[in-house]
Amino acid sequence: MLYLDPPAVPSRGRLWSHLISDLSYAELHAFAEALGVPRRGFDRDHYDIPAERVPMAVWLGARLVPSREIVLLLRAAGLRRPKPRTVSVPAAREAGISAGSRVPG
Numbered sequence: 001m002l003y004l005d006p007p008a009v010p011s012r013g014r015l016w017s018h019l020i021s022d023l024s025y026a027e028l029h030a031f032a033e034a035l036g037v038p039r040r041g042f043d044r045d046h047y048d049i050p051a052e053r054v055p056m057a058v059w060l061g062a063r064l065v066p067s068r069e070i071v072l073l074l075r076a077a078g079l080r081r082p083k084p085r086t087v088s089v090p091a092a093r094e095a096g097i098s099a100g101s102r103v104p105g
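Position one of the sequence shown corresponds to residue 1 (full-length UniProt numbering), numbered consecutively onward.
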């Protein structure tokens, strides 16, 4: 099943939604392609969908859910990919590494 939240994230003069699948990334990519969303809209575990494409996504079968359910659905499906942790500026100075470096784990 495909899900998206209401458009609420402002960026580049638009509002954006998050489109996810609780089945597979293959299902998500195929749906985004059918919706006309470029692959560059994929961010770790979801697609960023502009508000004007939300009605078409729903018409094609995506289910609109509250934003707080998006992460819960991804976790339940085992498809959540969190942002990589990075080193803060003070910690980087102390460790002698570059700020923003990825931290294992």
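Glycine included, every Cβ here is placed at the ideal spot set by N, Cα and C.
What is the rounded straight-line gap between the Cα of residue i and the Cα of residue j?
i: Gly-78; j: Glu-33; result: 23 Å
i: Tyr-3; j: Arg-12; result: 23 Å
i: Gly-61; j: Met-1; result: 8 Å
i: residue 117; j: Trp-59; result: Lying outside 1 to 105, the shown extent of the chain, residue 117 is not represented and no answer is given.
i: Tyr-25; j: His-46; result: 9 Å
i: Ile-70; j: Asp-5; result: 7 Å
i: Leu-23; j: Arg-63; result: 14 Å
i: Pro-7; j: Leu-15; result: 5 Å
i: Val-9; j: Gly-41; result: 14 Å
i: Gly-105; j: Ala-76; result: With a pLDDT of 49 at Gly-105, under the threshold of 50, the modelled position of that residue is not reliable, and no figure is offered here.
i: Arg-39; j: Glu-27; result: 13 Å
Whose C-alpha, out of the options, is nearest the C-alpha of residue i?
i: Val-54; options: Pro-82, Leu-35 and Ala-76; result: Leu-35
i: Asp-43; options: Met-56, Arg-75 and His-29; result: His-29
i: His-18; options: Val-65, Glu-27, Trp-59 and Ser-24; result: Val-65
i: Met-56; options: Glu-27, Pro-82 and Phe-31; result: Phe-31
For residue i, which residues does DSSP report across the bridge?
i: Asp-48; result: His-18
i: Asp-5; result: Beta-bridge pairing links Asp-5 to no other residue.
i: Leu-64; result: Leu-4
Check whether the Cβ atoms of residue i and residue j sit closer than 8 Å, and answer yes or no.
i: Arg-80; j: Leu-74; result: yes
Quick one: measure Cβ to Cβ for residue i and residue j, integer angstroms, because I've assumed they're closer than 8 Å.
i: Val-37; j: Ile-49; result: 6 Å
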